[in-house]
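For what it's worth, the numbering used here labels the leading residue of the sequence shown as 500, then goes sequentially. Backbone N, C-alpha and C define an ideal beta-carbon position, used for all residues, glycine too. Since this is a predicted model, take the numbers as computed values, not measurements.
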Amino acid sequence: MIYGNIDNHSMLDAYHPVLRKAIRYLAGTDFSQMDFGVYQPDADFKIQVIDHTTKEHGVARAEYHNLRLDIHFSITGNETVYYRNPASDIVVAEDALEERDVAFLESLDDEIAFPLDKGDYVIFFPQELHRPGCARGEIAKVKKIVVKIDMDRLN
500 MIYGNIDNHS
510 MLDAYHPVLR
520 KAIRYLAGTD
530 FSQMDFGVYQ
540 PDADFKIQVI
550 DHTTKEHGVA
560 RAEYHNLRLD
570 IHFSITGNET
580 VYYRNPASDI
590 VVAEDALEER
600 DVAFLESLDD
610 EIAFPLDKGD
620 YVIFFPQELH
630 RPGCARGEIA
640 KVKKIVVKID
650 MDRLN
């Protein structure tokens with residue numbers, strides 16, 4: 500997991516070239532007029548433009564992926580994203596790994612909270628357990644980008 504802000508480039512050179520390209524794309528793109536949906540702006544990644552309302556922690560579903568990493572990037576509004584190291588004690592509630600590369604979990608304990616405000620991003624690698632879209636205080640409207648990168652692009 501990597502947590503950062505789009506305006507802080509101090510560690511960008513340490514990232515894999517595909518991650519650098521995706522972060523630079525996020526930094527250089529005006530998403531304010533982009534319609535919600537899925538786009539493929541580059542051969543190495545696709546993006547989802549998402550408009551959602553945050554949920555209480557216990558309502559938002561925790562998830563993980565096997566084949567792709569996620570970059571969650573906040574455009575407007577704020578949310579909290581929770582993270583937990585992979586563990587053998589997780590219980591899968593819905594397994595859609597074959598169809599959509601996502602498994603949703605029953606519950607998680609010992610999660611770490613990361614606030615996402617405008618310009619913040621968090622990168623979740625495969626098998627890293629995360630719970631996006633959680634309210635920070637009051638329920639809020641959020642517009643964000645989720646970048647999807649197949650792990651074979653990082654080899």
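CB contact check: residue i to chain E, cutoff 8 angstroms
i	result
Asp512	In summary, chain E is missing from the structure at hand, where a single protein chain is found.
Supposed close pair residue i, residue j - CB separation, criterion 8 angstroms
i	j	result
Ala634	Thr553	4 angstroms
Tyr563	Gln626	6 angstroms
Asp541	Lys520	7 angstroms
Leu653	Pro585	That belief does not hold up - the Cβ atoms of Leu653 and Pro585 are roughly 18 angstroms apart, past 8 angstroms.
Arg630	Ala513	Between Ala513 and Arg630 the Cβ distance is about 27 angstroms, and since that is not below 8 angstroms, they are no contact.
Met650	Leu518	Between Leu518 and Met650 the Cβ distance is about 11 angstroms, and since that is not below 8 angstroms, they are no contact.
Bridge-paired residues (DSSP) for residue i
i	result
Tyr581	Ala612 and Arg630
Gly557	Gly557 pairs with nothing; no bridge assigned.
Glu593	Phe603
Asp649	Arg567
Gln539	Answer by DSSP bridge pairing: none, since Gln539 is not bridged.
Thr528	Looking at the DSSP assignment, Thr528 forms no beta bridge with any residue, so it has no partner.
Phe623	Asp569
Asn504	Asp619
As assigned by DSSP and simplified to three states, the class of residue i
i	result
Val517	helix
Gly636	coil
Ile522	helix
Asp512	helix
C-beta atoms of residue i and residue j nearer than 8 angstroms
i	j	result
Gly618	Asn504	yes
Tyr620	Leu511	no
Leu566	Ile589	no
Ile622	Ile546	no
Phe572	Val548	no
Asp594	Ala602	yes
His551	Val641	yes
*Taking three-plus beta-carbon pairs below 8 angstroms as touching, is the region 614-625 in contact with the region 577-596?*
yes
*Should the region 591-602 be regarded as contacting the region 638-645, the criterion being three or more beta carbon pairs within less than 8 angstroms?*
no
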